[in-house]
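Protein chains in written order, with the working numbering: chain A, 7 to 119; chain B, -4 to 113.
Here's the structure, in structure tokens; my notes come after.
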Amino acid sequence: NAGVTQTPKFQVLKTGQSMTLQCAQDMNHEYMSWYRQDPGMGLRLIHYSVGAGITDQGEVPNGYNVSRSTTEDFPLRLLSAAPSQTSVYFCASSYSDYTDTQYFGPGTRLTVL
Amino acid sequence: AQTVTQSQPEMSVQEAETVTLSCTYDTSENNYYLFWYKQPPSRQMILVIRQEAYKQQNATENRFSVNFQKAAKSFSLKISDSQLGDTAMYFCAFMNRRGAGNNRKLIWGLGTSLAVNP
Chain A
7 NAGVTQTPKF QVLKTGQSMT LQCAQDMNHE YMSWYRQDPG MGLRLIHYSV
57 GAGITDQGEV PNGYNVSRST TEDFPLRLLS AAPSQTSVYF CASSYSDYTD
107 TQYFGPGTRL TVL
Chain B
-4 AQTVTQSQPE MSVQEAETVT LSCTYDTSEN NYYLFWYKQP PSRQMILVIR
46 QEAYKQQNAT ENRFSVNFQK AAKSFSLKIS DSQLGDTAMY FCAFMNRRGA
96 GNNRKLIWGL GTSLAVNP
């Protein structure tokens, strides 16, 4: 049981490049989400999913896309990276949208030059 | 809108001593959850303790306990017998129990950096 895994751990992009941050969980959790963590701003919700095929926007969705084709995977796509997207990204999951405890992945540190 | 405030950006404590981290929150809801998460230098976000607002009894997990004052909207974390491995950033977070989707997101404080000194 690996919990929530994220790849890569570190990534450097140039402005305008695209990439996908991977997130997977093996706990059969329905609810998955992406947060970004910035100094002085705490964690902010980007997108979330309450089950396979269902996604919705959080508080800072601009510049990011998500999809949820399986229960296990919830990738986050940056279509055209900008320096403002330099951050640490966390994926989290919980059993359902109606349970409270979320489990976090180890994070991805992204730098956009 | 709900907010979470941690008024102590940094704290330090000697090994084996006790330290209390403060957290206050603002909400008009009556039914919600409160959490303390720990983020060590490895960056992994680890759940330390959770409290359900409708429960009067303060939650306890080994050396970690909370002082939940619902009327005052205060949720402090006490770490007893501090250990070097407790050195981390500690985040207080709030979640509505009612509603769905975006209304169920975690709302975070800005964190308190705790250093445990030998």
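Ideal placement from N, C-alpha and C gives every residue a C-beta, glycine not left out.
When the options are compared against residue i, the one with the closest alpha-carbon
i, options, result
"alanine 11(B)", "Asp76(B), Ala(-4)(B), Gln52(B), Gln3(B)", "Asp76(B)"
"threonine 26(A)", "Asn68(A), Arg50(A), Arg83(A)", "Arg83(A)"
"tyrosine 49(B)", "Tyr28(B), Ser69(B), Ser7(B)", "Tyr28(B)"
"glutamine 17(A)", "Gly59(A), Gln91(A), Met33(A)", "Gln91(A)"
"glycine 46(A)", "Glu47(B), Arg92(B), Thr82(B), Glu5(B)", "Glu5(B)"
Between the CA atoms of residue j and residue i - distance to the nearest angstrom
i, j, result
"glycine 111(A)", "cysteine 97(A)", "5 angstroms"
"arginine 45(B)", "tryptophan 31(B)", "6 angstroms"
"glutamine 51(B)", "lysine 65(B)", "9 angstroms"
"histidine 35(A)", "lysine 100(B)", "16 angstroms"
"glutamine 59(B)", "serine 71(B)", "For clarity, residue 59(B) is phenylalanine in the given sequence; the question names glutamine instead. Near 10 angstroms, if we compare the C-alpha coordinates of serine 71(B) and phenylalanine 59(B)."
"glutamine 31(A)", "valine 94(A)", "19 angstroms"
"alanine 88(A)", "threonine 55(B)", "43 angstroms"
"threonine 19(B)", "valine 56(A)", "29 angstroms"
"threonine 13(B)", "leucine 109(B)", "12 angstroms"
"alanine 67(B)", "tyrosine 37(A)", "32 angstroms"
"leucine 105(B)", "glutamine 34(B)", "12 angstroms"
"glycine 9(A)", "methionine 40(B)", "12 angstroms"
"valine 118(A)", "glutamine 12(A)", "18 angstroms"
"serine 24(A)", "serine 86(A)", "5 angstroms"
"serine 75(A)", "glycine 22(A)", "26 angstroms"
"asparagine 25(B)", "serine 69(B)", "14 angstroms"
"glycine 80(B)", "tyrosine 70(A)", "35 angstroms"
7 angstroms Cβ shell around residue i - same chain, five flanking residues per side excluded
i, result
"serine 73(A)", "Thr61, Pro81"
"glutamine 78(B)", "Glu10, Val111"
"leucine 42(B)", "Phe30, Tyr32"
"glutamine 120(A)", "Outside the modelled stretch of chain A, which goes from 7 to 119, sits residue 120(A), for which no answer is possible."
"alanine 83(B)", "Lys33, Gln34, Pro35, Leu109"
Close Cβ partners of residue i (< 8 angstroms) along its chain, the five nearest in sequence each way excluded
i, result
"leucine 51(A)", "Ser39, Trp40, Tyr41, Gly64, Glu65, Val66"
"aspartate 79(A)", "Gln28, Cys29, Ala30"
"threonine 77(A)", "Asn34, His35, Glu36, Gly57, Ala58"
Beta-carbon contacts of residue i that lie in its chain and below 6 angstroms, excluding the five residues immediately before and after
i, result
"threonine -2(B)", "Asp21"
"threonine 101(A)", "Per the sequence shown, residue 101(A) should be read as tyrosine rather than threonine. Closer than 6 angstroms at the Cβ level, and outside the excluded window around tyrosine 101(A), lie His35."
"isoleucine 102(B)", "Gln(-3), Val(-1), Phe89"
Reduced DSSP category for residue i - H, G, I as helix; E, B as strand; rest coil
i, result
"threonine 107(B)", "strand"
"glutamate 36(A)", "coil"
"glutamine 1(B)", "coil"
"glutamine 23(A)", "coil"
"alanine -4(B)", "coil"
"alanine 30(A)", "strand"
"leucine 116(A)", "strand"
**Report entry** Length-filtered (3 minimum) beta strand (DSSP E) runs lying within the segment 11 to 99 of chain B
**Finding:** 14 to 16, 19 to 21, 27 to 34, 41 to 47, 59 to 64, 69 to 74, 83 to 91
Requested in this report: Pick out the complete beta strand (DSSP E) segments inside the segment 44 to 113 of chain A, 3 residues or longer, and give them in chain order.
Outcome: 48 to 57, 60 to 63, 70 to 72, 82 to 84, 93 to 100
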